[in-house]
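Down below is the structure, laid out as structure tokens.
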Amino acid sequence: MGDVLADLCDDFFGMCRLAERRGMRVIFDEIVEAVRDGRRPDTARLDELFSALGLHAHEGDRPAAGSPDTRTRTLPPGGVPSVAAGSGHVTDRPYVCPLRVCHRAVLRRAGQDAPTCDIGERPLVVGR
335 MGDVLADLCD
345 DFFGMCRLAE
355 RRGMRVIFDE
365 IVEAVRDGRR
375 PDTARLDELF
385 SALGLHAHEG
395 DRPAAGSPDT
405 RTRTLPPGGV
415 PSVAAGSGHV
425 TDRPYVCPLR
435 VCHRAVLRRA
445 GQDAPTCDIG
455 ERPLVVGR
């Protein structure tokens with residue numbers, strides 16, 4: 335479920351708009367509220383939402399992390415010891431979910447604020 339939530343967070347506002355257009359905003363909001371409250375979203379509701387949006391909610395059916403068909407990258411077990419950022423600068427850790435509910439990992443761009451978790455409405459935190 336973590337990868338599915340990572341995809342939702344990665345394009346939160348786009349998916350929110352799409353859910354609105356497809357008449358699925360109530361389910362979208364229900365899932366977001368569950369995550370914000372620290373509850374696990376209902377898998378059947380996630381399936382229903384992702385199906386209506388034309389996406390795969392089953393992690394085994396989705397493209398492998400890092401493929402051109404997905405922007406979300408997952409952390410391997412134990413995290414990432416170091417990640418090279420574009421200009422040759424190496425950052426010790428990627429930024430990860432502050433709610434600890436998904437596997438989204440994002441590099442902070444130089445001169446920019448920390449990336450955000452739009453589901454949790456807070457900045458991502460430095461991974462461990």
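To convert a position in the sequence shown, counted from 1, into our numbering, add 334. All C-beta atoms in this analysis are idealised placements derived from N, C-alpha and C, irrespective of residue type, glycine included.
For the candidate residues the options, whose alpha-carbon lies nearest to that of residue i?
i           : options               : result
residue 307 : 445, 447, 376 and 461 : The structure shown does not extend to residue 307, since the chain spans only 335 to 462, so no value can be given for it.
residue 370 : 352, 435 and 449      : 435
residue 390 : 347, 453, 373 and 340 : 340
residue 336 : 431, 437, 388 and 432 : 437
residue 361 : 344, 385 and 445      : 385
State the beta-bridge partners of residue i as determined by DSSP.
i           : result
residue 457 : 450
residue 430 : 439 and 459
Which residue comes first and which comes last in the alpha helix (DSSP H) that contains residue i?
i           : result
residue 370 : 359-370
residue 351 : 346-355
residue 379 : 377-386
Run through DSSP, which three-state label would residue i get?
i           : result
residue 294 : Only positions 335 to 462 of the chain appear in the structure, and residue 294 is not among them; the question remains open.
residue 340 : helix
Whole angstroms are fine: how far does the CA of residue j sit from the CA of residue i?
i           : j           : result
residue 342 : residue 377 : 14 Å
residue 428 : residue 354 : 31 Å
residue 448 : residue 358 : 30 Å
residue 407 : residue 430 : Its pLDDT being 42, under 50, residue 407 is placed unreliably by the model, and nothing is read from it.
residue 442 : residue 344 : 14 Å
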